[in-house]
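Since the structure comes first, as structure tokens, the remarks are kept for the end.
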Amino acid sequence: MKKWYLTFVLLLPVLFLSNCGVKKMGNSQLIEMKVPQDPTVSFIVWFKVGSENDPAGKEGLAMLTGRLLAEGSTLKNSYEDILDKLFPIASSYSAKVDKEMTVFYGRTHIDNIDVFLPLFEESITMPAFKLEDFERIRSEMLNYLEKDLRYASDEELGKAVLYNFIFEGTPYGHITEGTIDGLKNITLDDVKAFYKRYFNKNNFVVAIGGNFADDLPEKVKKDLEIGLSEGASNVNPEIKPKPIEGLEFTLVEKDCNATAISFGFPIDVVRGDEDFFALWIFKSWFGEHRNSLSHLYQVIREQRGLNYGDYSYIEAFLNGGALRFPQPNNPRRKQIFEVWIRPVPHEARLFAIRAALRELKRVVDSGLTKEEFELTKKFLLNYSLFYAQTTMERLGYQVDSKFYNINDNGNYIEYFRNKIKNLTLEQVNNAIRKHIQYNNIKFAIVTKDAEKLKEALVNNVPSPITYPTPKPEEILNEDKEIAVFPLKVIPEKVRIFSVDEMFVK
Amino acid sequence: MKKYLFFFTIIFGAIMLMNSSSKTGFFPYEYKTETLENGLRVILIKMPSNGLVSYYTIVRTGSRDEYESGHTGFAHFFEHMMFRGTKKYPGNVYDRILTEMGSDGNAYTTDDYTCYHLNFTSDNLEKVMDLESDRFQNLWYPEQDFQTEAGAVYGEYRKGKASPFFWIWEALCNTAFEKHTYKHTTIGFEEDIKAMPQMYEYSLSFFHRYYRPDNCVLLIAGDIDFDKTMSLVKKYYTSWQKGYTPPKIETEPEQTKEKRKEVIYPGKTAPIIVVAYKGMAFNPSDKNYVATILFGKLAFGENSELYKKLYIREQRVLFLEEEFNFNRDPFLWMIWAQPKNEKEIEYVENEIYKTIEFFQQTLPDEKKLGDLKKNMKYSFLMNLDTPSKVASVLARTLALTADINTIDVFYRTLETVTPQDIQNIAKSYFLPEKRTVVILKESK
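As given, the protein sequences belong to chains A and D, one line each in that order.
If you read the first sequence in the working numbering, its first letter stands for residue 15, the second for the next number, and so on.
If you read the second sequence in the working numbering, its first letter stands for residue 9, the second for the next number, and so on.
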């Protein structure tokens, strides 16, 4: 009896970081990444469309369309039949929709490609647009906005509110899931029209990684071209966030047991820009995601025990509560510098805001020291190896490199490491001074008794802190400075909403 | 004569267990295992990974071992303390060295075990071993650090409490169990977390009782040389003194009638229902045990008839899934669903019971059972493509058995399960008097 899994025994030792051949030609719609030792094949089909293309009043349309393709019936198979066919081969496909990008992921064992590939392609080229599938997915998205996002995680709520606040009035001004009114307004015909406009043969890129036959990429590309209609490549709308004037606050009033704080401002740097890598060193030192290297984490959590963690970002980091590393395929032409303070006790909220701002001011004014710079650089040279360990992750980074026009010779991680290796302290500190500041910032805060916080903010009320247990003298002395760190906030720049008002329009 | 044979079988088996190497069987990578004299179980897995290594220290103690009253959540709290360092490598020095390596490290605590994991490049293997063996033997922290960390743990508790699943999970454990320590969740009860800063002395005894080599598994996967790595393990871990003191966990009395509980979540959410049956301890060679795992997936899994009915066709639920976990002691076989609104709760609950009755009366389809077995094997193997994924997939099984052969045993047993076995376990275990039902509703 042939044991099907013997192929794994022979092939699974995947050299996932080895020098696999990557072909990525100019304006080609194909990215190929050969990993001969990988017994699986990974697919990404990228359409240049995202929530920035949601029509006004129909926010959520891009995500609803993407999900309907990946989680609905096709003209050939009902959704139930698709699940039945994919189940024995433990394969699946899914859609990820972000501001500017919709990607369809699929992965299967090489043995099962003949079963998997037609189903995957048909999901993109032959969606059935069944009303029942549409209603199912829309009701899930509505439940997410009306209940889960508002109530189940105060920190995710805070981050979503921050992005909407910073990009208010721009095509980025609503989260990818849309708005409640927007979703309710969308009809099945809207989805069909959106699909016809954006999911066309001139608006996609196919990326294939793993162990595949040489002619497979061309075949997939052709299949999609035959299946998709004529159309134009999408032109991105302008994203021009309103200038921030001083410290601006959106307070979300909620009966919660701790205060979640996020703040940030737009930056003019994206992946591939020279200053991007310098700022990466800065954000890593200031607030590496879920890592004790983070300076903010040391100040707020390790020394004071006020919360579970404190991090900073220069690129959108989705699903940060669950992931340790950034995931590819949410590239954006406009990024923000973002600080995430995990929930602190209400009585420490003003203190935590001041502590974080004070640290930001210190690093902007003084820059990193030689020692901090060298340590962070050393850290990132190895730590970045974990960003893309699987074939799918590496393929995802290749898609992003194409988005950002980065010529990385098929290996973004190596490219990134080289950039980091060649940076100087001066470059990093110049980039901090050029792009990071502490005077014009937007805050999103989920808290109880928001009026009381507003009053304290606009009156610059000192926020001394007490601890249930003893603390070293140097911490207590520093606390005295933090407690009176000046906040210049005017009442007009503090607005308060109840949680049930969020994400409505 | 027979007695001698028996004696040799035992000895031979023990040697095999104590020092073995394999690359055959279902698990696809070559591995080597050895038990040191102090009882530390060492499992090395060799896989090409371009120089990356995953290093897991699995302490076979979790919230299950918190048997003394007022100490719920302590295993998790203690996990935090393990990062506070030793006299040789104080916490900030430990952090600094790992930062310089660019390693990815963290830890997590579950009901049955606590896991400390690090990923790094193989040239740092000896340094990591020096650091890790040191903190597991010589952990030291001042009382002030201990108290500060209690604040971070309380912050983690507050963060989690926003979720409705936090509320229903706490109520489920508390309702389903009377005596066993599975009665409390891993994060623990709030009053116990609040009291943690006063438990410095207790924390020292916790360390001495449970953080012993004879209660741990060391798993190293990636680009490693078996002999060199094993020599290093011996160099750094031999001095660790055995002395594990097992917790005094009470046996859960047999449940004789259905239990029900309603929870009100202080926020807005679609309702959640969990129907949980008293389960079995992990036993991969027991056909009934493995048949139960298969039953859960066949009846309530992502490709089950009930999933298609409730989620796709009737659209009455936001999700339906089974959670039949591997546990050291008998835990719960759980079926979770989120009806779209409160009017659907009763219908969904009844559909769960009707499905169980169907499996009690009808043999499952042979093809569907075959598809499921194939799915489980492909899923398992396709998820082993990096050292950290290999280690994380294996961690729970190794925490329960300390034996990597368990994987092969499980999949061998899986092959033997028949439709009749599925029907038998549906009849024997999924009875009304064995279940606890918890329903969570939003506040009005």
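Note that beta-carbon positions come from the ideal geometry of N, C-alpha and C, so glycine has one too.
This structure is a prediction, so every number in the text was calculated from the model and none was measured.
CA-to-CA distance, Ser298(A) to Gly278(A), given in whole angstroms:
Taking C-alpha positions only, Gly278(A) is separated from Ser298(A) by approximately 16 Å.
Pair every Cβ in the stretch 253 to 271 of chain A with every Cβ in the stretch 458 to 474 of chain A, then say whether three or more of these pairs are closer than 8 Å.
With a cut-off of 8 Å on Cβ pairs, the stretch 253 to 271 of chain A is in contact with the stretch 458 to 474 of chain A, counting three or more such pairs.
Does Glu164(D) have its Cβ less than 8 Å from a Cβ in chain A?
Yes, Glu164(D) lies at the interface with chain A (some Cβ there is under 8 Å from its Cβ).
Proximity test, Cβ basis, 8 Å: Asn311(D) and chain A
For Asn311(D), the answer is yes, since a Cβ of chain A falls inside 8 Å of its Cβ.
What is the DSSP secondary structure of Asp231(D), reduced to helix, strand or coil?
Residue state, collapsed to three classes: coil.
Within the stretch 299 to 367 of chain A, note down every full beta strand (DSSP E) run reaching 3 residues or more, in order along the chain.
If we require 3 residues or more, the beta strand (DSSP E) runs fully inside the stretch 299 to 367 of chain A come out as 324 to 327, 349 to 358.
I'd like to know if Asn127(D) contacts chain A, where contact means its C-beta is closer than 8 Å to some C-beta of that chain.
By this cut-off, Asn127(D) is an interface position.
Does Pro102(A) pass the burial test, meaning 16 or more other C-beta atoms within 10 Å, or should it be called exposed?
The residue in question, Pro102(A), is buried, as its Cβ has 16 or more Cβ neighbours within 10 Å.
Starting from Ser137(A), trace the alpha helix (DSSP H) both ways and give me its first and last residue.
First-last of the alpha helix (DSSP H) with Ser137(A): 127 to 139.
Who are Thr264(A)'s beta bridge partners in DSSP?
Note: Thr264(A) sits in a beta bridge opposite Ala458(A), Arg509(A).
So if DSSP puts Asn443(A) in a beta bridge, which residue, or which two residues, is it bridged to?
According to DSSP, Asn443(A) shares a beta bridge with no other residue.
Continuous beta strand (DSSP E) assignments of at least 3 residues falling wholly in the stretch 51 to 86 of chain D:
Complete beta strand (DSSP E) runs here, min 3: 60 to 67.
Chain D within 8 Å of Gly319(A), Cβ atoms only:
With 8 Å as the cut-off, Gly319(A) counts as an interface residue toward chain D.
Counting only beta-carbon separations shorter than 8 Å, does Ala470(A) have a partner in chain D?
With its beta carbon at least 8 Å from every one in chain D, Ala470(A) lies outside the interface.
Are at least three pairs of beta-carbons, each pair with one atom in the stretch 166 to 186 of chain A and one in the stretch 486 to 500 of chain A, less than 8 Å apart?
Flag = no, the stretch 166 to 186 of chain A and the stretch 486 to 500 of chain A do not touch.
Between which two residues does the alpha helix (DSSP H) harbouring Trp175(D) extend?
DSSP places Trp175(D) inside the alpha helix (DSSP H), whose first and last residues are 172 to 184.
Cβ separation of Tyr121(D) and Gly70(D), assumed to be a contact under 8 Å, to the nearest whole Å:
So it is a contact: roughly 5 Å between Cβ atoms.
Please state the DSSP three-state secondary structure of Lys297(A).
The answer is helix: DSSP assigns Lys297(A) an H, G or I state.
Taking 8 Å as the CB-CB cut-off, is Asn383(D) touching chain A?
Asn383(D) belongs to the set of residues whose beta carbon lies under 8 Å from a beta carbon in chain A.
When you compare the CB positions of Thr122(A) and Val63(A), do they come within less than 8 Å of one another, or not?
No. Outside cutoff.
Classify Leu490(A) as buried or exposed, calling it buried when 16 or more other Cβ atoms lie within 10 Å of its own Cβ.
Looking at its Cβ environment, which holds fewer than 16 other Cβ atoms inside 10 Å, Leu490(A) is exposed.
From Ile258(A) to Lys519(A), what distance separates their C-alpha atoms?
Approximately 22 Å between the Cα atoms of the pair.
Report all residues from its chain with a CB closer than 6 Å to the CB of Gln317(A); omit the five preceding and five following residues, and keep chain order.
Cβ-Cβ distances below 6 Å link Gln317(A) to Ile489 in the same chain, with the five nearest sequence neighbours on each side left out; the list follows chain order.
Which residues in chain A have a C-beta closer than 8 Å to the C-beta of Glu108(D)? List them in chain order.
Neighbours of Glu108(D) in chain A, taken as residues at a C-beta separation under 8 Å, are given in chain order as Leu389, Lys392, Phe393.
Near Ser247(A), which residues of its chain fall below 8 Å by C-beta distance, leaving aside the five closest residues on each side in sequence?
If we look at Ser247(A) and ignore the five residues flanking it on each side, its Cβ neighbours are Lys62, Asn216, Asn217.
Taking the beta strand (DSSP E) that Glu42(D) falls in, what are its first and last residues?
The continuous beta strand (DSSP E) containing Glu42(D) extends over residues 38 to 43.
Beta-carbon separation (whole angstroms), Phe291(A) vs Ile434(A), contact threshold 8 Å:
About 6 Å separates the Cβ atoms of Phe291(A) and Ile434(A), confirming a contact at the 8 Å cut-off.
Cα-Cα separation between Glu149(A) and Leu374(A), rounded to whole angstroms:
Cα to Cα, Glu149(A) sits roughly 46 Å from Leu374(A).
Assumed close pair Tyr292(D), Phe438(D) - CB separation to whole angstroms, cut-off 8 Å
Reading off the sequence, residue 292(D) comes out as Pro, not Tyr. With 8 Å as the limit, Pro292(D) and Phe438(D) do not qualify as a contact, their Cβ atoms being about 21 Å apart.
What does the alpha-carbon distance come out to for the pair Glu492(A) and Ile314(A)?
Glu492(A) and Ile314(A): Cα-Cα distance of roughly 12 Å.
If you drop the 5 nearest sequence neighbours on each side, which residues of the same chain put their C-beta closer than 8 Å to that of Ser398(A)?
Here Ser398(A) has Ile427, Phe430, Arg431, Ile434 as same chain residues with Cβ atoms under 8 Å from its own Cβ, once five neighbours each way along the sequence are excluded.
If Lys6(D) sits next to Ala179(D), beta carbons under 8 Å apart, how far is it from one beta carbon to the other, in whole angstroms?
Residue 6(D) lies beyond the stretch modelled for chain D, which goes from 9 to 452, so this question has no answer here.
Relative to chain D, which residues along the stretch 79 to 107 of chain A have a C-beta separation below 7 Å, given in chain order?
When CB distances to chain D are screened at a threshold of 7 Å, the residues of the stretch 79 to 107 of chain A falling below it are Tyr93, Glu94, Leu97, Asp98, Phe101, Pro102, Ile103, Ala104, in chain order.
How would you list, in chain order, the residues of chain D whose beta-carbon sits under 7 Å from the beta-carbon of Lys161(A)?
What Lys161(A) touches in chain D, judged by beta-carbon distance under 7 Å, is Lys276, Thr277, Ala278, going in chain order.
Beta-carbon within less than 7 Å of Lys348(D)'s beta-carbon, same chain only, minus the 5 sequence neighbours each way: which residues are those?
Same-chain partners within the cutoff: Ala278, Arg324, Val325, Leu326.
Which chain D residues are close to Asn396(A), counting only those with a beta carbon under 8 Å from its beta carbon?
Going along chain D in sequence order, the residues near Asn396(A) (Cβ under 8 Å) are Met109, Gly110, Ser111, Phe128, Thr129.
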